[in-house]
Every structure is written in C-alpha cells, then in structure tokens.
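A.B. asks: So the sequences go chain by chain: W and D.
Each residue of the first sequence is one higher than the last, beginning at 17 in this note's numbering.
Each residue of the second sequence is one higher than the last, beginning at 10 in this note's numbering.
The beta-carbon is built from N, C-alpha and C at its ideal position, and this holds for glycine as well.
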Amino acid sequence: MHSDLLIILVIATALAFDFTNGFHDTANVVATSISTRALSPRVAVTLAAIMNFAGAFISLKVAATIAQGIVDAGEVTMPIVFAGLIGASVWNLATWYFGLPSSSSHALIGGVVGAMLAAHGTAAVQLGGLLGKVVIPGVMSPFLAFAVAGLAIVLTYRLVARLRPGPAGRGFRYGQILSGGMLALAHGTNDAQKTMGVMTLALIAHGDISEKHFAVPGWVVVGAATAIALGTYAGGWRIIRTMGTRIIKMDAAQGFTAQSAGAAVILAASHVGFPLSTTHVMAGGIMGAGAGKRVSAVRWGVAGNMAIAWVLTLPAAAAVGAATYAATSIFGSGVLGPAIIAALALGALLATMIRRARDLAAHPAGAKP
Amino acid sequence: MTVAAVIVDTHALLQVVYVSLIAGVGICIVYAGAVLGITRAQEHRRGDRPREAALYGALAAISLALCGWAVVTGIAVMATK
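Quick look at the structure:
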C-alpha cells in the first residue's frame, strides 16, 4: 500500500519536473524566433509545444540509457528518484525566478547523483562517467556552438551582403521557423526521454517492470510527452527575454545561424551519446552569432551570470537532492517523508508563483512580450 | 592528457566537433545560398533578365533541396540514436 502510494508520488513528481523542463527550456527554442519577429510569441510557443510532443515519440533509446555509466542503476530506489527529481525541479524553478537559462538535464543528473551520494556514499557514483559524459562535454558544448555560429554568421553575411535587407531578412525569418522546429523536435526527443527513463527506473524499483526487459510503457511516453509540451506552451517568459534580447540584439540571419548551429551540435552530440544541454548550446550559439558580427555586441556580463548558473547547476541540484533524501529518510523508507516534502515543495511553488504575479502586477514591463 | 583520454571518449568528442562544424556551417551557407538565389531571381525577373533569373532560380532550388535533405537527415539521426 505504502509502496503503491510512493510510486504514484514519484510519477507525479517526475511529470511535474518534466513540466518545469518544458517551461524552463522553451526559451532555447523560441527566444531567437520571437526576438527577430519570425513568429509571434504565442505562435512560437504553440509550435514548440507541438514539436516537443511529437519529438517525444521519435525514439525511446535515450530513455533506456538514463544515468547509465553515471550512477549504479541497481542501487536506485524510489526515494532516491523522488529526491533527485525534487533537486532538479527546485534548481529549475530557482533559475527561472532569476531569469537565468540553465540546464534541466544537468539539474536532473545532479539531483539523482546527490540523492545517490546521500543514500549509498561515493561508491554508487561513477565519477569517471560523470566527468566524461556530462561535465567535459558540457563545458565544451557552448564553446563549440559559439565557434560554429560565429563562423557561420561571418560566411552568411558575406554571401548576402549585397542584398537588400528587407527580402534577405524575410528569407532568414522563414528559415528560423524550420530551424526552430528542428530544435524543438530534438529537445522533445532528448528531454522527454530523460523523464521517461527516470519514471521507468522508478517502475523497475517498484517491481512493475523487469530490469532485464527494459521497456518504456506507452502511458509513460504519452504522460512525459504531454507534460513537456504543456510546460513548453506555458512558456518561461523571463528566460525567453534573457535569451532573446539580453545577450545580443539579433537580426534574422543571426537568429537562424544560432538555431542551426545549436541544432547541428545537439544532433552530433546525441548521435555519439553525450547528453548535452540545449541551454548551454543555444546560449553559446547566440553569443557566437553576436560576436561574429561584432565582439562588443555581446553583453558579456549577462553571459558571465549564465556561466555561473551553469557551474552551480550540478552541485546545487545535487545538494538539494541529497538534502531531500536525508529529510525523507528521517521518516523511514515509506511514503510519509516524500509526501511531506512534496507538500512543502508545492507550498513553496505556490508562494513563488504568487510573489511573481505580484511583481508582474507592480512592474508590468517585466510581463511576457 | 592520458587521464583526460581515459575519462572522456576523445574520438567521439572530436567527431562531435567536426560534424557540428561541417553540418552547422554547411546548412547556414546553403540556406544563405537559397536566400540569395530567391532574392536575385526575383530582382532579375522584374528587370526582364530571364537567363540570370533562371540561374539564380536554379541556385535557390538546389539550395532548398539540400536544406530539405539536411532536415530529413536530422530527423533520421534523432530516430536512430
């Protein structure tokens, strides 16, 4: 009975995290299109939500490899999954509150690693896997996207230099619809699958699925796809503003090259199995597209704040995951601990939302575009 | 260097670097070619220069076909990873 209630709580928390994932990462996909007026804000988030939903059905292979080579999957229990998800969701909401784009994928990995450390100590975490699969590619990816977008915008400007700005800008705005759609599709297939993998791990721990015959149930796929699509549709407007206007003031060609460079880096990395952050890649791409035109066009102070958030993501989500696991353990291994933590988290979320709504009422300029 | 090579799959990392550079820069150049082709073709058509218009139209058509191929390849990569 306790175990059944716990799995329901874990699944609900996973879906809530997936919603925050979509909400938080909408900016990666739509910010450039909105900023260059390729799409209106509402059309952009609707298109992104549809592509995210569709992307979740394209492949299930990433779901089967979640946390593989990073933590000892055989030691994962439902309270660990719950604590990891709380760690990731708390970090996502905190960075959203301050308008900072940060990685939902790294937050999820950090949360699970922190909970594993609290539960089993360092032996259950594979440091080599964490560095090789997450940290080193994560550090490299924004620089790579920066270089690709920077080189691409220099060559693109040379090709279209003698065209009248009106028709050329219109052409690149059409291109942004396509490149943005590809990004949203890649985001849906990558990030929704991570939540599917976590939910399936919990179902294995509960005994519903055999570890030897790993298969993601259909209702898990539909649930994760729906949650990330709804989160995307809700739109994290604070982060959209940061990505779309605060890093650089971009034109349509820059928006297109940033999105295309981002999609190329994400797809190349996914193909060889590195779980890159869409956020890191897109931010690097946007800065590269800006610097390719003029280095001083990039607001490096904003970029520095984002870099600090990126460095803090893994340890901060791990700390919250570990603290959550420790807090739930006080109440034993049953459902009581997670239920109390979930109730507290929900209360904190509502308080944050109410405070944010009051801020918006007081300062309407901070409202969505 | 040896420790880094043990921790991270350097071959895969290098593959990401060159594939990203080729694909990312390539698609931008190809699409810029399409924008150039369409815009110039329209200008030449309005200026009553059908030969130039046809040449730029062909550039646009080839560029758009390459973009379409890139999109299909991208979706195939997502589906097979």
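Could you tell me how far apart the beta carbons of Ile264(W) and Gly306(W) are, in whole angstroms, since I believe they sit closer than 8 Å?
C.D. replies: Ile264(W) to Gly306(W), Cβ: 3 Å. Contact.
A.B. asks: My parser needs the beta strand (DSSP E) runs of 3 or more residues fully inside the region 258-314 of chain W; what are they?
C.D. replies: none
A.B. asks: With a threshold of 16 other CB atoms inside 10 Å of the CB of Leu76(W), please say whether the residue is buried or exposed.
C.D. replies: In summary, Leu76(W) is buried, with 16 or more beta-carbon neighbours lying within 10 Å of its beta-carbon over all protein chains present.
A.B. asks: Per the contact definition of three or more C-beta pairs closer than 8 Å, is the region 39-48 of chain W in contact with the region 186-205 of chain W?
C.D. replies: yes
A.B. asks: Taking C-beta pairs closer than 9 Å, name the residues in chain D that Ile302(W) reaches, listed in chain order.
C.D. replies: For the C-beta of Ile302(W), not a single chain D residue is nearer than 9 Å; the gap to the nearest is close to 13 Å.
A.B. asks: Ile225(W) lies in the alpha helix (DSSP H); which residues open and close that run?
C.D. replies: In the DSSP annotation of this structure, Ile225(W) is not part of any alpha helix (DSSP H), being labelled neither H nor E.
A.B. asks: Let me see if you follow: with CB-CB separation under 8 Å, is Met87(D) close to chain W or not?
C.D. replies: yes
A.B. asks: Within a Cβ cutoff of 8 Å, which residues of the same chain sit near Met10(D), ignoring the five residues on either side of it in sequence?
C.D. replies: Low confidence applies here, because Met10(D) scores a pLDDT of 48, under 50, leaving its location unreliable and the question unanswered by this model.
A.B. asks: When you compare only the Cα positions, how much space is there between Ala343(W) and Val92(W)?
C.D. replies: 17 Å
A.B. asks: Identify the contact partners of Ser72(D) in chain W, using a Cβ-Cβ distance below 8 Å as the criterion.
C.D. replies: Those within 8 Å of Ser72(D) in chain W number zero; the least Cβ separation is about 10 Å.
A.B. asks: Any beta carbon from chain D within less than 8 Å of Val281(W)'s own beta carbon?
C.D. replies: yes
A.B. asks: Would Ser276(W) count as contacting chain D if we go by Cβ distances under 8 Å?
C.D. replies: By this cut-off, Ser276(W) is an interface position.
A.B. asks: Taking buried to mean at least 16 other C-beta atoms within 10 Å of its own C-beta, is Gly122(W) buried or exposed?
C.D. replies: The question names Gly, but residue 122(W) in the sequence shown is His. By the neighbour-count rule (16 or more Cβ atoms within 10 Å), His122(W) is buried.
A.B. asks: Helix, strand or coil for Val141(W)? Go by DSSP, reduced to three states.
C.D. replies: strand
A.B. asks: According to DSSP, what are the bridge partners of Val87(W)?
C.D. replies: Bridge partners of Val87(W): Val141(W).
A.B. asks: Report the neighbours of Met198(W) on chain D: residues whose CB is nearer than 7 Å to its CB, in chain order.
C.D. replies: Val80 and Gly83
A.B. asks: According to DSSP, is Leu22(W) part of a helix, a strand, or is it coil?
C.D. replies: helix
A.B. asks: Note down, in chain order, all residues in the region 33-51 of chain D with a beta-carbon under 9 Å from any beta-carbon belonging to chain W.
C.D. replies: Gly33, Val34, Gly35, Ile36, Cys37, Ile38, Tyr40, Ala41, Gly42, Ala43, Val44, Leu45, Ile47, Thr48, Arg49 and Gln51
A.B. asks: Quick check on this structure: which residue in Ile357(W), Ala54(W), Phe347(W) and Met369(W) has the alpha carbon closest to the alpha carbon of Tyr190(W)?
C.D. replies: Selected option, being the one with the closest Cα: Ala54(W).
A.B. asks: Between Asp34(W) and the rest of its own chain, which residues show a CB-CB distance below 6 Å, the 5 nearest in sequence each way excluded?
C.D. replies: Thr211, Ala240, Ala243 and Ile244
A.B. asks: Using a beta-carbon distance below 8 Å, is Thr172(W) in contact with chain D?
C.D. replies: yes
A.B. asks: Tell me the DSSP secondary structure of Ile74(W) in three-state form.
C.D. replies: coil
A.B. asks: For Gly66(D), tell me which candidate among Ile38(D), Gly42(D), Val25(D) and Ala50(D) has the shortest Cα-Cα distance.
C.D. replies: Ala50(D)
A.B. asks: Just to make sure I have the definition right: I need the residues of chain W whose C-beta is within less than 7 Å of the C-beta of Leu75(D). Which are they?
C.D. replies: Residues of chain W whose Cβ lies closer than 7 Å to the Cβ of Leu75(D) do not exist, since the nearest Cβ in that chain is about 13 Å away.
A.B. asks: Smallest Cα separation from Arg372(W): which of Trp253(W), Thr52(W) and Ser118(W)?
C.D. replies: Trp253(W)
A.B. asks: Just verifying my parser: in three-state terms, what is the DSSP assignment at Val347(W)?
C.D. replies: The displayed chain sequence assigns Phe, not Val, to residue 347(W). Coil, per DSSP.
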